[in-house]
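Novice: What follows is a structure written as structure tokens; I'll ask about it next.
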Amino acid sequence: MSYVVGLIAVLAFAVLSPALQLMARAFAWSLSSVMLLAIAAVVSHGFGVMLGMLVVPQFQYWDAASIFGFCVMAYVFAFGAVFKSVSLDILLGLVDRPEGSAPLVEILEGQVPDLFEGRIRTLMDGSLVEQTGAHFAPTAAGRNMAGRIGRLRQTFGIGDTGLYDFSD
Numbered sequence: 000m001s002y003v004v005g006l007i008a009v010l011a012f013a014v015l016s017p018a019l020q021l022m023a024r025a026f027a028w029s030l031s032s033v034m035l036l037a038i039a040a041v042v043s044h045g046f047g048v049m050l051g052m053l054v055v056p057q058f059q060y061w062d063a064a065s066i067f068g069f070c071v072m073a074y075v076f077a078f079g080a081v082f083k084s085v086s087l088d089i090l091l092g093l094v095d096r097p098e099g100s101a102p103l104v105e106i107l108e109g110q111v112p113d114l115f116e117g118r119i120r121t122l123m124d125g126s127l128v129e130q131t132g133a134h135f136a137p138t139a140a141g142r143n144m145a146g147r148i149g150r151l152r153q154t155f156g157i158g159d160t161g162l163y164d165f166s167d
């Protein structure tokens with residue numbers, strides 16, 4: 000029965016997450032989408048634990064938590080894959096065109112600058128990058144973040160490869 004409680008908490012998360020994302024857009028909340036996912040996870044997990052303690056006589060927390068954790072992580076990975084994917088934005092832009100195709104120069108000039116302007120705005124909003132005239136430079140916080148990410152990449156053996164780098 001504890002597994003069922005974990006699944007109920009997953010359903011709560013699956014309802015609460017998009018609801019929070021929609022509310023954030025409707026009410027112009029300044030919370031990031033990732034923060035909203037974290038809030039939804041904490042609230043729905045808390046709901047699941049309380050439900051389990053009140054309804055299941057021999058509630059097994061780790062049984063419920065394992066189901067909840069696995070499903071929420073799958074949701075977060077799927078969310079991340081479609082949230083800010085440059086490749087997906089380009090693909091969707093091509094699919095939305097009446098002719099279903101576009102020359103590379105049109106994609107580069109029309110779509111890519113908007114994507115990268117959005118990314119640089121995110122870095123600036125996070126105080127990781129600052130603009131000086133026509134140049135951008137990392138702030139002290141940006142340099143610290145880059146150092147931490149570099150160490151994480153090294154720890155996990157990621158290096159400078161991209162997601163689609165299948166070279167020998």
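Oh and the sequence shown: position 109 is 108 in numbering that gives the first Met the number 0, straight run, nothing missing. Note that CB positions come from ideal geometry on N, CA and C, so glycine has one too.
#1: Return the CA-CA distance between L36 and L103, expressed in angstroms with no decimal places.
#2: Quick check: the Cα distance between T154 and M144, rounded to an integer number of angstroms?
#3: What does the Cβ neighbour count give for R147, buried or exposed, with the cut at 16 atoms within 10 Å?
#4: Could you tell me the boundaries of the beta strand (DSSP E) in which Q130 lies?
#5: What are the residues that DSSP puts in a beta bridge with H134?
#6: Is the beta carbon of S100 less than 8 Å from the beta carbon of L93?
#7: Assuming I66 is part of the alpha helix (DSSP H), what are its boundary residues?
#8: With distances taken from CA atoms, which of L6, M22, W28, G125 is nearest G51?
#9: Going by the CB atoms, is the gap between V9 and V71 shorter than 8 Å?
#10: On the criterion of 16 or more Cβ atoms from any shown chain inside 10 Å, does L91 qualify as buried, or is it exposed?
#11: Take D167 and list the residues in its own chain whose beta-carbon comes closer than 7 Å to its own, dropping the five residues that flank it on each side.
#12: Could you round the C-beta distance between I89 and Y2 to whole angstroms and report it? I think they count as a contact, below 8 Å.
#13: How close, in whole Å, do the beta carbons of A139 and V128 come, if the pair is a contact with beta carbons under 8 Å?
Specialist: This is what the structure gives:
#1: So the alpha carbons of these two residues sit roughly 35 Å apart.
#2: About 15 Å.
#3: Counting other Cβ atoms within 10 Å of its Cβ, R147 stays below 16 and is therefore classed as exposed.
#4: Counting along the chain, the beta strand (DSSP E) containing Q130 begins and ends at 128-131.
#5: Paired residues: T131.
#6: Yes. Within cutoff.
#7: For I66, the uninterrupted alpha helix (DSSP H) run begins and ends at 60-82, by DSSP.
#8: If we check each option's Cα against that of G51, L6 comes out closest.
#9: Here V71 is near V9, since their CB atoms are less than 8 Å apart.
#10: Within 10 angstroms of the beta-carbon of L91 lie fewer than 16 other beta-carbons, which makes it exposed.
#11: Annotation note: pLDDT 44 at D167 (below 50); position unreliable, coordinate value reported separately. Counting only Cβ-Cβ distances below 7 Å, and skipping sequence neighbours, we find nothing.
#12: Incorrect: roughly 41 Å between the Cβ atoms, too far for contact.
#13: At roughly 11 Å, the Cβ-Cβ gap does not stay under 8 Å, so A139 and V128 are not in contact.
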